[in-house]
Amino acid sequence: MTEEPAPGDSGDDDEDEAGGGDRDGNESRNGNGSRDEGGGGDENRNGDEPKGLTYAAAGVDIDASEAATAALVGEAIEASETDGAGSDPEGDYAGLIDLGSTYLGLVTDGVGTKSLVAEAVGEYSTIGIDCIAMNVNDLVAAGIEPIAFVDYLAVAEPDEGVAAQIGEGLRVGAEESGIELVGGETAVMPEVVRRLDLAGACVGLASEDQLLPGRAEVGDALVGFRSGGIHSNGLTLGREAATREHDYDDPFPDDPEYSIGDVLLEPTRIYTHLLGPLREHGAHAAAHVTGGGWTNLARMGDRRYEITDPFDPQSVFAFVQRAGNVSDAEMYSTFNMGTGFVAALPPENAEALAGATDGRVIGRVETGSGVAVGGVELLP
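4 is the number of the first residue of the sequence shown in my numbering; add one for each residue after it.
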């Protein structure tokens, strides 16, 4: 597919809220690729430029989600006798349990409202890959090697064909990640689930010296790794923007060989191949750029993250920004914008890491706080 910078960016600059866990109150009229209803889009009846979309207006308020997560975690930890191996249930990418000679890491995540695009297009295999990727990538960000996965599929009614496609995607994702699918659950709940929800949990292992410290240091270089597209976050906003004036089966404007639905369904890239190089080159911390977009970098510690040379965003982001009249700050606070994974490491090791992988140096860690991408300020 063709690539282009998102509008408003120069061509050169390019809670884990439970990454992929978009909440959505929108309804799709049917399963044949027609537009979604509801959300944050105002009708343009007077010929004026439509109001710019935001993630919150489309149905996902990140601040409210983080507050709810904090409340849930606070109650759960207060009621528990142990809080694992000292990991932060709100901020860390994986929960850790000390097994003595090694640590067990555990994560859970899902594909969010990307399943609604799959339903509209009639193609479910890619969301199986997404489900694997969203989980294993979080483990990699903690320095943990993923080993086993279980899935959870909740449906309104069973459909053998849909289940087979999802299973195919799970198999492909597991093979690419080098993990085993060891079980799962399919729940039929017509009174609870209107369509389907796909999630999973992944377990991994690491010795203490293999775990990433988890905190970036002032002076660190930032090495970025390209995303495969929109991945599995921000789809509530992405769908709302994409279907303002288009249907999912319309040709994608920047590459008519593909439909809009095809481009939105491009699966999440899997980053398990980075685990060895991150350890070898002394990475201090890493960020999986998921829900909240580039603000995820702040999870590596209270520093200032200055991004001066990011990858150019794929053309899907330019399309969403144009279609939804979305601001630059909102785009970078919602989507990965072409960079799906970022590592912080000593500057003398940065070029070696980039050369050993498919990454590149995209910025640096400075004193202060906040995230700035190509001059776009995201956090104070």
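All C-beta atoms, glycine included, are put in the ideal place defined by N, C-alpha and C.
Predicted model, so just to flag it, every value in this text is computed and none were measured.
With contacts defined by Cβ atoms closer than 8 Å, Gly237 and Pro270 do not form a contacting pair. Spanning the alpha carbons of Ile147 and Leu56 requires a straight line of approximately 37 Å.
Setting aside the 5 residues that flank it on each side, Ala326 is surrounded in the same chain by Ala244, Ala245, Arg247, Glu248, His249, each with a C-beta closer than 8 Å to its C-beta; the list follows chain order. Cβ atoms of Arg306 and Ala219 come within 8 Å of each other, at about 5 Å. For Val158, the enclosing beta strand (DSSP E) stretches over residues 148 to 158. Just measuring C-alpha positions, the residue of Tyr261, His276, Leu107, Glu163 sitting nearest Val206 is Leu107. Straight through space, the alpha carbons of Leu109 and Leu184 are spaced by roughly 15 Å. In the DSSP annotation of this structure, the continuous segment of the alpha helix (DSSP H) that includes Phe320 starts and ends at 318 to 327. With respect to the C-alpha of Leu240, the residue from Thr370, Leu225, Val329 having the closest C-alpha is Val329. The Cβ-Cβ distance between Ala144 and Ala289 falls below 8 Å. In this structure, the CA atom of Val379 is about 18 Å from the CA atom of Gly294. Each of Glu160, Leu156, Asp162 was checked against the Cα of Leu173, and the nearest Cα belongs to Leu156. Per DSSP, Glu260 is one residue of the beta strand (DSSP E) stretching across 258 to 262. Excluding the 5 residues flanking it on each side, Thr311 has same chain C-beta neighbours closer than 6 Å at Gly366, in chain order.
Just so you know, the alpha carbons of Ala347 and Val374 end up roughly 14 Å apart. Just measuring C-alpha positions, the residue of Ser210, Phe344, Gln324 sitting nearest Gly103 is Ser210.
At a Cβ-Cβ threshold of 8 Å, Ala159 and Val114 do not count as neighbours. For Asp250, there is no enclosing alpha helix (DSSP H), as DSSP marks it with neither H nor E. DSSP, read as helix, strand or coil, puts Gly113 in strand. Close CB contacts of Gly186 within its chain, under the 7 Å cut and outside five residues either way in sequence, are with Val153 (chain order).
A direct Cα-Cα distance of roughly 14 Å separates His287 from Asp95. Within the region 134 to 212, the complete alpha helix (DSSP H) segments of 4 residues or longer fall at 163 to 180, listed in chain order. Residue environment analysis places Asp212 among the exposed positions, since fewer than 16 neighbouring C-beta atoms fall within 10 angstroms of its C-beta.
DSSP links Val374 through a beta bridge to Tyr308.
For the options Pro161, Pro350, Gly217, Ala177, the alpha carbon positioned closest to that of Val139 is the one of Ala177.
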